[in-house]
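Presented below is the structure to which this report refers.
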Amino acid sequence: MSNFRLWISHNTGALIAVVLFLVLYIFYSSLHPRGFTTDLLVQNSNEALALIFVSIAQTLVVILGGIDLSVGSLMTLVNAVASEVVIGTGPEIVLGIVICLAIGLAGGLMNGVIIVYGRLQPIVVTLATGAIFTGLALLVRPTPGGEVDGDLSWVATNALSELPATYGWWDSDPGWFNLVSGIPMPIVILLLVILLVWIPYRNSELGRGGYAIGSNEAAAYMSGVRINRSKLAAYTLSGMFAGLAGLYFAIQTGSGNADPIQAGTYTLNSIAAVVIGGTSLFGGSGGAIGTIFGVMVLRSITFCFRVVDTDSAVGFLANPLLQPMFEGLILVIAVTLGAARAFSVKNRLNMFR
Amino acid sequence: MPVPKMSNLRNSIDRPLLFAGLFIIAILVVGTVYTLIFEGNAALLSPTYLILQLKVASFLGIVAAGMMIVVLLGHIDLSVPWTMTASAMLAAAVGGPFAIPIGLGVGLAIGLFNGIGVAYLRVPSMIFTLGVNVMLRGFMVMLTGGFSPSSVPTDAMLWLAKGEIIGIPNPVIVWALISLAVAFMLRRMPLGRYIYAIGNREAAVYLSGVNTRLVVVASFALCSTLAAFAGILLAGYSSKAFQAMGDPYLLPSIAAVVIGGTNILGGAGRYAGTVVGTILIVLLQSVLSVMQMPEAGRQIIYGVVIVIMLLAYGRGQRLRV
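The listed protein sequences correspond, in order, to chains R and C. All residue numbers for the first sequence refer to the numbering used here, where the first residue is 2 and numbers rise by one. All residue numbers for the second sequence refer to the numbering used here, where the first residue is 1259 and numbers rise by one.
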């Protein structure tokens, strides 16, 4: 098989997600009353970024063949902390952001240490640590509220052009900047994180070790993969991504809320996004890029419901009472198509795994 | 020979049961010391309190019994919360003599759907039941959004949940009967042995001539029916069937099963452990609220306890090749 066809066959799931997203999003923006504008892109990317980070956190663990039921809770914890510390003078804000990410890292490391050295199953460990994170979040923020620096919120949730306009780091007039000034800040943040964190991790010994462990842990061990180190790295990095999600959620909403139900929703959506994005729940394949598109598919479905014309043949889709039902139905269908082994396994014995 | 006897003795004591039992005693001792110091009584040791706790535990216990069956297979059912809610709400909406059968039927239908998705389509149970849960929530929003159907439980539901026979609350009796039935099924019936076997290696069971898919479907149907029953009882207990009433039962039911020593990967675990795990969790929550621990502290202690119990006896094998 040629390299290209091999690449296609390795990334089928992610490619389907990309196509699905494009179809849904073009449908959505063409039906939108104001059409496709920068404002629309800014708004939609704001709504997606926190879930993207949580889902990348989930992806890192799922690649190992594990599952993390605490990502939503850890995000909530960091969200609660961020609403306390990301405010004040410039250095104070930077320190606050560092604290938030450090809490995310520490939470992920805690998961990793218990799972690796305690030799326990990730699903039950993260179930328990999820309760711990929720409890800590409630300690930090018993009632919703708090405040996040207004300038930071404004810059992080608008187009790139607001960055120089708000902070005056450079003159926003020159020609080269006009080309990129319309790009929404969430997309810029996401690109930076992918380039500076995900791609280096993916190509490092630790990251490749994670894929090897997910494929076959015993074989990885015999091939000299440092199992414990790779696992710890994946869980810790996963914690950092959950932290990023909490931080961005605080910046976006300008407040903190230790809401266990919201934490659960984010955890569940993260698993769905991982599956739709083409990462196998059995581990060893997939990646963050597919997951990003998995989230965008999920979000696009919600967006589409908003713009359906109530008088058209599919007008019942716009009925707010029916929307949760259809969202659920589409979720079931999407994950079934994405994850059903009945359609892909040739030898019936291979189905039992 | 004394040596085999010793090892027999050691093997006959189930570590999860022992640890969880000791922990229950520890919870009661700590709680009693607290009430003796601050309230001057030993209310936690009174039969009234203990029977009330058993009554509260019976709802979780019934859910956990069903959860344990699917966990033994190596699967998990995340649709339990809205199975409980949907069954209870529909039972209350129908009312009359058919309320309870309808509620159980709804549970059975959800279970069959889950089972078919997992056994025949081969979708990982975690993701399939997760989607079903979301779908059920949407379904109930659709059904109850435009108008509000009756949410008042029928007399039979109220009697099942609130009545008592010679001083023993009915839910406890129901839980005991279900426990006996499930324990008998797991120990003595072919279905039970197939469930353990599938949890160990499904391919081997399949090659032995067992219709493993049917076993998986039956297990999911049992799990959902039990969850539906718990939902119906809970509606009777709280005199109302309401949205999201099952949400607080998902994580505790999984926790009760694993604290009871059932392997989350399937294939091993005793039913008695699940009963003890259920009582442990209910008692822990109750004693913490007696001690006026805020919600934050309760969550943290709850999480720490699960981790400690698992570290005590749930550890896997070291990877050696």
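Every residue gets a Cβ at the ideal spot worked out from N, C-alpha and C, and that includes glycine. These figures come from a predicted structure and were not determined experimentally.
DSSP places C/Ile1423 in the strand class (E or B) of the three-state scheme. In this structure R/Leu50 touches R/Leu191 by the C-beta definition: roughly 6 Å separates them, less than 8 Å. Within the region 130-159 of chain R, Thr130, Gly131, Ala132, Ile133, Phe134, Thr135, Gly136, Leu137, Ala138, Leu139, Leu140, Val141, Pro143 place their CB atoms closer than 9 Å to a CB of chain C, listed in sequence order. Three or more Cβ pairs drawn from the region 1322-1330 of chain C and the region 1522-1529 of chain C lie within less than 8 Å of each other, which places the two stretches in contact.
When Cβ-Cβ separations below 8 Å define contact, R/Leu323 makes contact with chain C. R/Ala160 is bridged by DSSP to R/Pro185.
Leaving aside the five residues that flank C/Ala1455 on each side, the residues in its chain whose CB is nearer than 6 Å to its CB run, in chain order, Val1463. Note that the C-beta distance between R/Gly257 and R/Ser84 is below 8 Å.
Under the Cβ criterion of 8 Å, C/Ala1554 is counted among the residues facing chain R. Rounded to the nearest whole angstrom, the C-alpha separation of R/Gly210 and R/Phe294 is 24 Å. Judged by DSSP secondary structure, R/Tyr249 falls within the alpha helix (DSSP H) whose first and last residues are 228-254.
Rounded to whole angstroms, the separation of the alpha carbons of R/Pro325 and C/Gly1403 is 11 Å. Under the three-state reduction of DSSP, C/Gly1298 is assigned to coil, being neither helix nor strand.
The region 69-80 of chain R and the region 248-257 of chain R touch, with three or more beta-carbon pairs separated by less than 8 Å. Residues Gly109, Asn112, Gly113 of the same chain have their beta carbon placed closer than 6 Å to that of R/Tyr236, with the five preceding and five following residues left out of the count. Judged by their CB atoms, R/Ile124 and R/Ile214 are not nearer to each other than the 8 Å cut-off. Bridge partners of R/Gly257 according to DSSP: R/Gly146. By the C-beta density criterion, R/Gly169 is exposed, having fewer than 16 other C-beta atoms within 10 angstroms.
Taken atom to atom, the span from the alpha-carbon of C/Ile1566 to that of R/Ile252 is near 36 Å.
One alpha carbon belongs to R/Gly285, the other to R/Val309, and they sit about 39 Å apart. In this structure, the straight-line span from the alpha carbon of C/Ala1419 to that of C/Gly1363 is close to 19 Å. Neighbours of R/Met352 in chain C, taken as residues whose beta carbon is under 8 Å from its own, are Arg1380 in chain order. In this structure, R/Ala289 sits away from C/Gly1561, with a CB-CB distance that is not shorter than 8 Å. The beta carbon of C/Phe1281 sits no closer than 8 Å to any beta carbon of chain R. Rounded to the nearest angstrom, the Cβ distance from C/Gly1373 to C/Ala1486 is 14 Å, too far for a contact under 8 Å. Not a single CB atom of chain R sits nearer than 8 Å to the CB of C/Tyr1307. Ranked by how close their Cα comes to the Cα of R/Gly225, the residues R/Trp8, R/Leu21, R/Leu207, R/Leu52 have R/Leu207 in first place. Residue-level contact check: C/Arg1445 does not touch chain R, since none of the beta carbons of chain R fall below 8 Å from its beta carbon. A residue is called buried once 16 or more other Cβ atoms fall within 10 Å of its Cβ, and R/Phe37, having fewer, is exposed. Apart from the 5 residues on each side of it in sequence, R/Phe28 sits with its Cβ closer than 7 Å to the Cβ of Cys305 in its chain, given in chain order. With fewer than 16 neighbouring CB atoms inside 10 Å of its own CB, R/Ser3 falls in the exposed class. The beta carbon of C/Leu1491 sits closer than 8 Å to the beta carbons of Ser1316, Phe1317, Ile1320, Met1415, Leu1418, Ala1419, Pro1429, Val1432 from its chain, once the five residues preceding and following it are set aside; these are given in chain order. By the neighbour-count criterion, in which a residue is buried when 16 or more other Cβ atoms sit within 10 angstroms of its Cβ, C/Glu1297 is exposed.
Residues are counted here when their Cβ sits less than 9 Å from a Cβ of chain R; for the region 1357-1389 of chain C these are Gly1375, Tyr1378, Leu1379, Arg1380, Val1381, Pro1382, Met1384, Ile1385, Phe1386, Leu1388, Gly1389, given in chain order. For C/Tyr1529, the three-state secondary structure derived from DSSP is helix.
Between the beta-carbon of R/Leu322 and that of C/Val1399 there is about 6 Å, and that keeps the pair under the 8 Å contact cut.
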